[in-house]
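A short write-up of the structure that comes next.
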Amino acid sequence: MKNKGEIYRISGPVVIISGLNTKMYDVVKVGTEGLMGEVIGIEGDKSTVQVYEETSGLKPGEPVENTGMSLSVELGPGLLESIYDGIQRPLPVLKESMGDFIKRGVSANGLSREKEWDFVPTVKKGDKINGGDIIGTVQETQNIEQRILVPPNVSGTIKEIMKGKFKVDAVICTLTDGKELMMMQKWPVRKPRPVSKKLTPSTPLITGQRILDGLFPIAKGGTAAIPGPFGSGKTVTQQQLAKWSDTEIVVYIGCGERGNEMADVLYEFPEIKDPKTGRPLMERTVLIANTSNMPVAAREASVYTGITIAEYYRDMGYDVSLMADSTSRWAEAMREISSRLEEMPGEEGYPAYLAARLSEFYERAGKVKALCGKEGSITVIGAVSPPGGDFSEPITQNTLRIVKVFWALDAKLAQRRHFPSINWLNSYSLYTKALGPWYDEHVSPDWVKLRNDAMELLQKESELQEIVQLVGSDALPEDQQLTLEIARMIREYFLQQNAYHEVDTYCPMEKQFKLMKAIMSWGDKAQNALEGGAAVEDIMKSKTKDDLAKVKYEKEFDTALGVILKSMDEEFAKLRGK
Amino acid sequence: MTKEYKTINQIAGPLIFVEKTEPVGYNELVNITLPDGTTKRGQVLDTSNDIVVVQVFEGTGGLNRECGVRFTGETIKLPVSKDLLGRILSGAGEPLDGGPRIVPEDRLEITGAAINPYARLPPKDFIQTGISTIDGMNTLVRGQKLPIFSGSGLPHNEIALQIARQAKVRGSNEPFAVVFAAMGITNEEAQYFMRDFERTGALERAVVFLNLADDPAVERLITPRLALTAAEYLAYEHDMHVLVILTDITNYCEALRQMGAAREEVPGRRGYPGYMYTDLASLYERAGVIKGRKGSVTQFSILSMPGDDITHPIPDLSGYITEGQIVISRELHRKGIYPPVNVLPSLSRLMNSGIGATRTREDHKAVSDQLYAAYAEGKDLRGLVAIVGKDALSDRDRKFLEFADMFEDKFVRQGDDENRDIETTLSIGWDLLAELPEAQLTRIDNKYIQKYHPAHKAQKQE
Ligand SMILES: Nc1ncnc2c1ncn2[C@@H]1O[C@H](COP(=O)(O)OP(=O)(O)OP(=O)(O)O)[C@@H](O)[C@H]1O
Ligand SMILES: [Mg+2]
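Chain order of the listed sequences is A and B.
Mapping the first sequence onto this note's numbering, position 367 (from 1) lands on 367, and the numbers just tick up by one.
Mapping the second sequence onto this note's numbering, position 191 (from 1) lands on 769, and the numbers just tick up by one.
Below, the structure written as structure tokens:
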């Protein structure tokens, strides 16, 4: 067999070629236009290839060439602020070369070969270096310094190291054995980048979203799934996380979703400022957009492209978060390709290796000690789009077996316009315990108890609701009526958070704590007043209760809350006096 | 002239299998000549050195192994020109109106390439449809895809037509061109649309594609693609704002399922192909606005939910792709309310970017939220009343209960020729909200209450 073969058969994105010497995952150039494809099966002298571009018009007999390389991404300065398709072609470059619509047969480098970056070495001649070591830095965006890493499989002694402005493919370092290093390195996307050690996540990812930080927190380096029917808030939540999470780098993958949503992010992110650094969010973001109408094989690859870029920044010692919207579309791409291969289908037509692929992907999250010795992390948050909103389907179920946090979106809440529509009874986080000490130290020693009390009230509410359905709320004893009211306050005043509200879109941890504490303290005072003989109707008329409803929208939150707390004391003193 | 093969080896459902061909391109257009001289068209679904699989658009009725098969060497294209406007074409793009063939300015691939997300402009221009439940609470914007989720026997056609007649962007006189594609609807329904287009003169600025119930099902797979190609051409080459109405998406999906079965594919949920999401996306995603181009493509398609079930794969997968949905309610229809739009499960995801001070009015969002909340509460109370009786309700609750009735009667209900501008819609909204105790209007900022609430407005004018 040889380096050149020919097309034998074409069926959608799947092409069978004959007479070509291939290995699994080799990248091949298919047809006279040289469409990019990847070997995903080999049988006899035939190889099965998934093609990343439209295959209309391809004919049997057209030539196929093997590049001998695995599907890889280019890693180096210039990743941030980029928007790529599923196989790391920059969309602005594609627009320039083929216009407003995505045509085919155009290859484009992931990193610009024109742009020069100012490289500052941090090692010197004679130093011994190993895979993953930092040999210098580049100011990639105003607040992010890219640390230039030795490729994981390279080591040696430095013979020469440069300083100054270079293009990504210029040699900046030579080793005594003659090896040459550039700022750019390539890495095969399907292979996790090595780390020195996996660590246990112990710091929360602060998202500024009250129901997440407050009730179901995720740790930096953790994994979460956010399943929900259409229109329940997966994308809004993911975008909120991309905007407000306290990570250093964000990789956002629009996997098989809407073009307009990506356009939205592109227009919004350069305008919004990171609350921590004051710089535009785009400067810490890499976008991958392989929308639902772009080729499915590239959709399948997009998730790997994204996580490999995330790993690269993690290896520099950064906290990275990765959002994949939606992992169901990724799984469907696998299913589509698998069925063209006429593989034996598993559950609901998905390939039998679905569960394995999902867990391999989430396994690439985590907090680690990188090869360079620094600590870094990747937090992975995957949206899941279950058919009919039914969580018993294979993607949701297989995902839940892996991830540690479950944010269950609820169509009923969305219909009630209770946003974020995360169901507080079904959701969970397995990190709450491990994160406890962090809250004690950084928020307040009271936080964990407050949160547990609130959860308990919500639980109680749902039990009482069943009774109310039957007899109406007036038939409940007074203390239970009060319980219902406090639970309602937690839901509406604390849990509800409008992503589109200028102030409320982001709620710092301290504000979350104060708000929760104020609500619970109204509750305590109310219970006391009731026990002291006040009438429940009078308590319900409390004006400070209504004030608490709107305080989260105040620009001057602390001042406003202070006023409320003060009149709350007066109000209850009066009630007791009655 | 390309070579003619007489090597059909098998015919199965809408598919033919042709052998001993020279290399044939994937997705290529195929012409088939029957023994009696008539021709049919098809498309290559699978091609290899040994066998070529062709789906025949007009169905395989009358075909036998003696038929001649010619591969045209190109994929399916639509001849386009501005003269498409005013024309009525078949579901396969052939003139049905006795008019001349289109003299093409260009011939465009009907599959349509994906818009580069980087080239898109986020849609934000408010389209006034004149229907309160849409403009007021589920606002449509240019470049959006917002389908009607309906059911059999409900007046979705009337609503679609009313929108086609009334839709406009305020402050602009640019008219919408309408591209209408019928997929598997009855002749009677099609006539209904055609009469309305003729009556209102809309036909002059419309392109109509008709695949009717008795036309071959396979043809339905290309009809919407022809329509969208025409729409894109008018929008992006001739700067027009195009409203595309595809009806009925459900018939399209049935055709897709039929094709999948014919190809003996492993079926997905309820027998529909596993790739139905991707396939539907290749239609719906052809809506949008492109940077630097004046025109736009807006989709307002009709989908009838089998068994009124919104979790059925057709509405479900659609909802995962479109930017919201307008849900038609059988309950409201039974009450004699037109247009029977149930605002509670309806949603326009692009509403927020299309409304507000500079686009509609500053209080729009607040009014919409408040109407929504109050109606939701009122409807809940209807449920409770059924159990505990009206007398058990508090005064406050009774007000909300009454509100729900009035909302349906005054806000939802309107004439099929009643074209309400957004101010009228909002002022009906305020009149209804004024029936509730002012303290209950928690979703509305005090400054808007002062400015727009009828009680305060009246006071100011005194
Ligand atoms: N936190 C929030 N604040 C305000 N509105 C919200 C919030 N979350 C969701 N919404 C509303 O719900 C709508 C749908 O949300 P979103 O687009 O995130 O749904 P989705 O789950 O991603 O749906 P799909 O699966 O179809 O993509 C939004 O357009 C917005 O109107
Ligand atoms: Mg979404």
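Beta carbons are placed, not taken as given, at the ideal position from N, Cα and C, and that holds for glycine.
Selection PHE230/A, MET294/A, PRO229/A, THR223/A evaluated against GLY259/A yields MET294/A as nearest (Cα-Cα). Contact annotation: LEU482/A and ALA526/A have beta-carbon atoms nearer than 7 Å. Collapsing the DSSP output to three states places THR237/A in a helix.
Residue contact check for ASN930/B against chain A: a CB pair falls below 7 Å. The C-beta of SER626/B comes closer than 7 Å to at least one C-beta of chain A.
Of all residues in the region 989-1006 of chain B, none comes within less than 9 Å of chain A when Cβ atoms are compared. By the Cβ rule, the region 707-714 of chain B counts as touching the region 735-747 of chain B, because three or more pairs are nearer than 8 Å.
With respect to the 7 Å criterion, VAL919/B and ILE933/B are not classified as neighbours on the basis of their beta carbons.
The beta carbon of PRO891/B sits no closer than 6 Å to any heavy atom of ligand 1. The count of Cβ pairs closer than 8 Å, one atom from the region 837-857 of chain B and one from the region 780-789 of chain B, stays below three, leaving the stretches out of contact. The shortest CA-to-CA distance from THR611/B to any of THR650/B, GLU600/B, ILE629/B is the one to THR650/B.
In this structure, DSSP gives LYS179/A a state outside helix and strand, which the three-state scheme calls coil. The contact set of ALA964/B on chain A, defined by CB atoms closer than 7 Å, is empty, because the minimum CB distance reaches about 12 Å. If you measure from each CB to the nearest heavy atom of ligand 2, the residues under 5 Å come out as LYS234/A, THR235/A. With a threshold of 16 other beta carbon atoms within 10 Å, THR200/A falls short and is exposed. The Cβ of GLN50/A sits no closer than 7 Å to any Cβ of chain B.
Assignment of ALA795/B by DSSP, reduced to helix, strand and coil, places it in the coil class. With a cutoff of 7 Å on beta-carbon distance, ILE378/A and LEU322/A are scored as near each other. VAL403/A places its beta carbon 7 Å or farther from that of ALA242/A.
Per DSSP, reduced to three states, the secondary structure at GLY389/A is helical. In terms of CA proximity to LYS179/A, PRO151/A leads the group PRO151/A, ASN398/A, GLU268/A. HIS819/B carries a strand assignment under DSSP once its states are collapsed to helix, strand and coil. Rounded to the nearest whole angstrom, the CA to CA distance from THR717/B to ILE586/B is 53 Å.
One finds TYR604 in chain B with Cβ atoms closer than 7 Å to the Cβ of THR55/A, taken in chain order. Every unbroken stretch of the alpha helix (DSSP H) spanning 4 or more residues and falling wholly within the region 889-963 of chain B is given here in chain order: 891-897, 908-912, 929-932. Relative to ligand 1, GLY105/A has its C-beta separated by 6 Å or more from all heavy atoms. Interface residue (Cβ-Cβ distance to chain B less than 7 Å): PRO92/A is classified as such. Neighbourhood of ASP504/A in chain B, by CB distance below 8 Å: empty, with the nearest CB roughly 14 Å away. Chain A places a beta carbon closer than 7 Å to that of THR889/B, counting this residue as a contact. In this structure, ALA808/B has its beta carbon at no less than 6 Å from each heavy atom of ligand 1. Taking a beta-carbon distance threshold of 7 Å, LYS103/A counts as an interface residue toward chain B. Residues of chain A with a Cβ closer than 7 Å to the Cβ of LEU699/B are, in chain order, ALA263. Under the Cβ criterion of 7 Å, TYR811/B is not counted among the residues facing chain A. Fully enclosed beta strand (DSSP E) runs of no fewer than 3 residues occupy 63-70, 72-75 of the region 50-102 of chain A, in order along the chain.
Residue TYR313/A holds the alpha-carbon nearest to the alpha-carbon of VAL138/A among THR505/A, TYR313/A, GLY5/A, GLN512/A.
Among the residues facing chain A, ASN1024/B is not included, as its CB has no counterpart in that chain under 7 Å away.
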